[in-house]
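Here is the structure we will look at.
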Amino acid sequence: MRTGKFRCFPKDLAMVAWFFTSSKTLGPVVRSRQTPASSNVAPADGRFPPLATGRAAFLWLSLAISPVLCGAAFAQTPQAPDTIEARVRACAPCHGEQGQGTDNDYFPRLAGKPAGYLKNQLVAFRNGRRRYAPMNYLLEYQTEAYLQKIAEYFSALRPPPASPAVPDVSAIVLARGKTLITDGDQAKGVPACSGCHGPKLTGMEPGIPGLVGLRASYISGQLGAFRYGTRTAAAPDCMQLVAASLTESDVTAVAAYLAAQPVPADPSPVPQGTLAMPFACGSEPH
Amino acid sequence: MGIDRLISWLRAAAVLLVGLGLPAVAAAADDQALIAKGEYLAKAGDCIACHTNPGDALFAGGRALPTPFGTIYSSNVTPDPATGIGKWSADDFYKTMHEGRFPDGGLLYPVMPYASYTKVTRADSDAIFAYLRSVPAVNRPNRPNDFQFPYDNRQLILGWRTLYFNEGEYQPDATKSAEWNRGAYLVGGLGHCAMCHSPINALGGSPESKAFQGGLIPMQNWYAPSLTSNKEAGLGEWSLDEIVGLLRNGVSHRGAVYGPMAEVTFNSLQYLSDADVRAMAIYLKSLAEGSPPGPESSGVSSSESSLLMSLGQTVYQARCAVCHASDGRGMPPNYPPLAGNPSIQMESAVNPIRMVLNGGFPPGTAGNPEPYGMPPFAQTLSDDEIAAVVTYIRAAWGNRGSAISASQANELRKVPLD
Numbered sequence: 001m002r003t004g005k006f007r008c009f010p011k012d013l014a015m016v017a018w019f020f021t022s023s024k025t026l027g028p029v030v031r032s033r034q035t036p037a038s039s040n041v042a043p044a045d046g047r048f049p050p051l052a053t054g055r056a057a058f059l060w061l062s063l064a065i066s067p068v069l070c071g072a073a074f075a076q077t078p079q080a081p082d083t084i085e086a087r088v089r090a091c092a093p094c095h096g097e098q099g100q101g102t103d104n105d106y107f108p109r110l111a112g113k114p115a116g117y118l119k120n121q122l123v124a125f126r127n128g129r130r131r132y133a134p135m136n137y138l139l140e141y142q143t144e145a146y147l148q149k150i151a152e153y154f155s156a157l158r159p160p161p162a163s164p165a166v167p168d169v170s171a172i173v174l175a176r177g178k179t180l181i182t183d184g185d186q187a188k189g190v191p192a193c194s195g196c197h198g199p200k201l202t203g204m205e206p207g208i209p210g211l212v213g214l215r216a217s218y219i220s221g222q223l224g225a226f227r228y229g230t231r232t233a234a235a236p237d238c239m240q241l242v243a244a245s246l247t248e249s250d251v252t253a254v255a256a257y258l259a260a261q262p263v264p265a266d267p268s269p270v271p272q273g274t275l276a277m278p279f280a281c282g283s284e285p286h
Numbered sequence: 287m288g289i290d291r292l293i294s295w296l297r298a299a300a301v302l303l304v305g306l307g308l309p310a311v312a313a314a315a316d317d318q319a320l321i322a323k324g325e326y327l328a329k330a331g332d333c334i335a336c337h338t339n340p341g342d343a344l345f346a347g348g349r350a351l352p353t354p355f356g357t358i359y360s361s362n363v364t365p366d367p368a369t370g371i372g373k374w375s376a377d378d379f380y381k382t383m384h385e386g387r388f389p390d391g392g393l394l395y396p397v398m399p400y401a402s403y404t405k406v407t408r409a410d411s412d413a414i415f416a417y418l419r420s421v422p423a424v425n426r427p428n429r430p431n432d433f434q435f436p437y438d439n440r441q442l443i444l445g446w447r448t449l450y451f452n453e454g455e456y457q458p459d460a461t462k463s464a465e466w467n468r469g470a471y472l473v474g475g476l477g478h479c480a481m482c483h484s485p486i487n488a489l490g491g492s493p494e495s496k497a498f499q500g501g502l503i504p505m506q507n508w509y510a511p512s513l514t515s516n517k518e519a520g521l522g523e524w525s526l527d528e529i530v531g532l533l534r535n536g537v538s539h540r541g542a543v544y545g546p547m548a549e550v551t552f553n554s555l556q557y558l559s560d561a562d563v564r565a566m567a568i569y570l571k572s573l574a575e576g577s578p579p580g581p582e583s584s585g586v587s588s589s590e591s592s593l594l595m596s597l598g599q600t601v602y603q604a605r606c607a608v609c610h611a612s613d614g615r616g617m618p619p620n621y622p623p624l625a626g627n628p629s630i631q632m633e634s635a636v637n638p639i640r641m642v643l644n645g646g647f648p649p650g651t652a653g654n655p656e657p658y659g660m661p662p663f664a665q666t667l668s669d670d671e672i673a674a675v676v677t678y679i680r681a682a683w684g685n686r687g688s689a690i691s692a693s694q695a696n697e698l699r700k701v702p703l704d
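Going line by line, the protein sequences match chains A and C.
Going by the working numbering, the first sequence opens with residue 1, and the numbers climb by one from there.
Going by the working numbering, the second sequence opens with residue 287, and the numbers climb by one from there.
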């Protein structure tokens, strides 16, 4: 058993015990302690005298409990906590200790998004269908079962909501953003975001993410990624169609409006099937 | 009467069927055993790493393999007759593995590790071929290689072969144990460990005399440590259990696999039998045994240490100590120890710098299905801070690595991650 500097050698301890209790070495020790008074209690059948028996018992007992002592030493060596939190500590510097996101504009909040959505993203990063080199690299050799567990962990977190951004665009742009979110743009074939992402924009189980609690840079970055193919989803890739129909100014308006919305008290996604989606989406089972 | 005749006829038919069927059943079972053996050996050879795009059809090829001479695309090795190896014979396949030649005699670029695979026995080659014949055929034409002049001329390979290719199956060393020989066969043959762990010169070759002495992996910018020196991979000082644990599970009490080695454990080593991994460990341990322990000296001068080491210690305590502990002992096996870890003290500081920049998770394996990860710090630490903290871990706690500069850290920021 190895415990950093601690080493336990049951074999060596056994040798010591054998040495002290074997009759060859025991003999003289026992004899020297024998007094004429006690000599008559020494058994005639060659068994160990009481003192020797006691010593042997002590030594063999030491050996018996040595794994326990070694175990105690092992326990003193700090161990990584056997928790999912400790395993995914690697995510915290960018996504926050509670998956709430960080000050960095480009790293999204993960907490509370549907587990199915998060799992899809983790698998997409692993397989390269969503491109972001640091994430592709980190997930390259992880199993789907583990990615599922990581997704469930972040999905269940409910950190306090971050305060929404103060918009740095005009009221007209914000109004355009709101229109696209709630009504879409029929002329361009753009459906309302809320038609799939929910009336409170907190997403729908299992595959559609919430859009609140994200920064404008991240949202516009993702719409661009859908448009140019560095972020793809299972066919039919509905977001590719939507993003391709938006102009640059539409993207700015949607991102600014979304980033300015507060996260509702209950950020949970609506249950599967709650919304009649305007068109088919490969990530959301019907 | 009619019934009796029918029964006796049926009985005769049954006897006939059994008589005809048994050899076929036995042959099918033999085939299955051969295919299963081939699948195992294909894992030992890590064929999937190059011949399959992640998340794509098995062995359909097309994976881009960047080299200093241009980009080569791996071949479709599914049994599709038009675009794969469906028309190949077992002889053709052996010729490729053993001689590095296509069935028509054309030369393979040595990106295909036939310098190692040449050591594979005919029987093992046949098993792998039987397995490849059994996977679903995929019709996908091979993508032409993107080599620039003069490297697009395959005749240049003749020169490379003259210098660096020694054709021949593995010859057991009668003075060594069967386990050692099995390990040497796997490490030197299918495992093709020399592709990364031997130094590669400007001609893309690695001389036999420098086998397993470590080197920078071209294009990937990871340093594959020497397997012959305890100053680098240090396996001569590890226990067999630690080496087996590292290779199969990806983690051990001494350290974890990372960078390109994570791929090897994920796709190949985790599937090998305990006996085979142990044999590899015995061979690997013997390669390094007798070499002097640990790095020779620390190159960090006192003037450098006052600046770099104090900033490094500050960064370390703020960012690293929570897992790797203030005394650098880590919480093995999940948070690897840094004190006394040769992997971070090697002359080449590429690996510790990249670990700090890029972070990483050990591979998810049967023995360690939910690995603990390390965050990337490229986003949060400056070049100066990275230089300082890497210098600190290379020289603190009795470690004896040299100092690194901010420009070294900056260079490695640019390295593509895929």
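Glycine residues also receive a C-beta, built at the ideal position from the N, C-alpha and C atoms.
Residue i (DSSP reduced to helix, strand or coil)
| i | result |
| --- | --- |
| G282 (chain A) | coil |
| Y395 (chain C) | coil |
| P43 (chain A) | For P43 (chain A), the predicted model reports a pLDDT of 41, less than 50, meaning its position is unreliable; a value from the coordinates is still stated below. Coil. |
| F58 (chain A) | Note that F58 (chain A) has pLDDT 46, beneath the 50 cutoff, so the model's placement of it is unreliable and no number is given. |
| F270 (chain A) | Contrary to the premise, residue 270 (chain A) reads as Val rather than Phe in this sequence. V270 (chain A): strand per DSSP, three-state reduction. |
| A133 (chain A) | helix |
| F433 (chain C) | strand |
| N425 (chain C) | coil |
| A611 (chain C) | coil |
| Y106 (chain A) | coil |
| L513 (chain C) | coil |
| G469 (chain C) | helix |
| Y450 (chain C) | helix |
| P352 (chain C) | strand |
| M505 (chain C) | coil |
| A542 (chain C) | strand |
| I529 (chain C) | helix |
| Y456 (chain C) | coil |
Top-ranked residue by Cα proximity to residue i, from the options
| i | options | result |
| --- | --- | --- |
| S515 (chain C) | C:N507, C:W524, C:A674 | C:W524 |
| V701 (chain C) | C:P504, C:P578, C:L533 | C:P504 |
| D710 (chain C) | C:E494, C:G341, C:A664, C:D527 | There is simply no residue 710 (chain C) to check, as chain C begins at 287 and stops at 704 in what is shown. |
| L241 (chain A) | A:L138, A:F279, A:T179, A:A253 | A:F279 |
| I672 (chain C) | C:N685, C:S596, C:G659 | C:S596 |
| S220 (chain A) | A:G195, A:A233, A:S249, A:P209 | A:S249 |
| N685 (chain C) | C:I639, C:P628, C:P638, C:Q665 | C:P628 |
| G646 (chain C) | A:P267, A:E140, A:P191 | A:E140 |
| P619 (chain C) | C:M641, C:G659, C:V642, C:N644 | C:G659 |
| G273 (chain A) | A:A253, A:H95, A:E205 | A:E205 |
| H705 (chain C) | C:D670, C:G545, C:G531 | A query on residue 705 (chain C) cannot be resolved here, the shown segment of chain C reaching from 287 to 704 and no further. |
| A423 (chain C) | C:A328, C:S402, C:K373 | C:K373 |
| A664 (chain C) | C:N644, C:M632, C:Y456 | C:N644 |
| K462 (chain C) | C:V642, C:T600, C:L573, C:S492 | C:L573 |
| D562 (chain C) | C:P546, C:R534, C:G392 | C:R534 |
| A241 (chain C) | C:D390, C:Y509, C:A322 | Nothing can be reported for residue 241 (chain C): it is not among the residues displayed for chain C, which extend from 287 to 704. |
| K113 (chain A) | A:G282, A:V263, A:P285, A:A276 | A:V263 |
Below-8 angstroms beta-carbon distance, residue i vs any chain D residue
| i | result |
| --- | --- |
| P628 (chain C) | Absent from the structure is chain D; the protein chains it does hold are A and C. |
Original post:
Would you call the segment 98-111 of chain A and the segment 142-159 of chain A touching, i.e. three or more CB-CB distances under 8 angstroms?
Top reply: Result yes; three or more Cβ-Cβ pairs closer than 8 angstroms.
**OP:** Kindly provide the ranges of any alpha helix (DSSP H) runs that are 4 or more residues long and lie completely inside the segment 162-230 of chain A, ordered along the chain.
**Re:** Fully enclosed alpha helix (DSSP H) runs of 4 or longer: 171-182, 194-197, 216-228.
Original post:
Do three or more CB pairs link the segment 603-614 of chain C to the segment 555-569 of chain C at distances below 8 angstroms?
Top reply: no
**OP:** Assess, as a yes-or-no matter, whether the segment 485-505 of chain C is touched by the segment 403-419 of chain C under the definition of 3 or more beta carbon pairs within less than 8 angstroms.
**Re:** no
**OP:** Could you name each continuous alpha helix (DSSP H) segment of 4 residues or more that falls completely within the segment 368-420 of chain C, going from the start of the chain to the end?
**Re:** List check, alpha helix (DSSP H) in window: 376-385, 400-403, 408-420.
Original post:
Quick one, which residues of the segment 595-623 of chain C are near chain A if we go by CB-CB under 9 angstroms, in chain order?
Top reply: R605, V608, C609, A611, R615, G616, M617, P618, P619, N620, Y621, P623
Original post:
Can at least three beta-carbon pairs, one atom from the segment 210-228 of chain A and one from the segment 252-272 of chain A, be found at a separation below 8 angstroms?
Top reply: yes
Original post:
Three or more C-beta pairs closer than 8 angstroms, one from the segment 133-150 of chain A and one from the segment 222-238 of chain A: is that the case here?
Top reply: no
Original post:
Which residues, in order along the segment 87-99 of chain A, keep a beta-carbon less than 9 angstroms from a beta-carbon of chain C?
Top reply: The segment 87-99 of chain A vs chain C, Cβ under 9 angstroms: R87, V88, R89, A90, C91, A92, P93, C94.
Original post:
Given a limit of 7 angstroms on CB to CB distance, which residues of the segment 538-552 of chain C reach chain A?
Top reply: H539, A548, E549, F552
**OP:** Check distances from the C-beta atoms of the segment 214-236 of chain A to those of chain C and list, in chain order, the residues that come in under 9 angstroms.
**Re:** none
Subject >> Validate contact between the segment 471-483 of chain C and the segment 334-343 of chain C using beta carbons, cut 8 angstroms, 3 pairs >> reply: no
**OP:** Check distances from the C-beta atoms of the segment 652-676 of chain C to those of chain A and list, in chain order, the residues that come in under 9 angstroms.
**Re:** The segment 652-676 of chain C vs chain A, Cβ under 9 angstroms: P655, E656, P657, Y658, G659, M660, P661, P662, F663, A664, Q665, T666.
Original post:
In the segment 143-158 of chain A, which residues sit with their C-beta less than 8 angstroms from some C-beta in chain C, listed in chain order?
Top reply: T143, A145, Y146, K149
Original post:
In chain order, what residues of the segment 517-530 of chain C put their CB closer than 7 angstroms to some CB of chain A?
Top reply: none
**OP:** Name, going along the chain, the residues of the segment 269-284 of chain A whose beta-carbon falls closer than 9 angstroms to a beta-carbon of chain C.
**Re:** Answer set for the segment 269-284 of chain A: empty.
Original post:
Taking contact to mean at least 3 C-beta pairs separated by less than 8 angstroms, is the segment 386-397 of chain C in contact with the segment 438-457 of chain C?
Top reply: As far as the Cβ criterion goes, the segment 386-397 of chain C touches the segment 438-457 of chain C, which means the pair count is three or higher.
Original post:
Any residues in the segment 157-187 of chain A with a beta carbon nearer than 9 angstroms to a beta carbon of chain C? Which ones, in chain order?
Top reply: none
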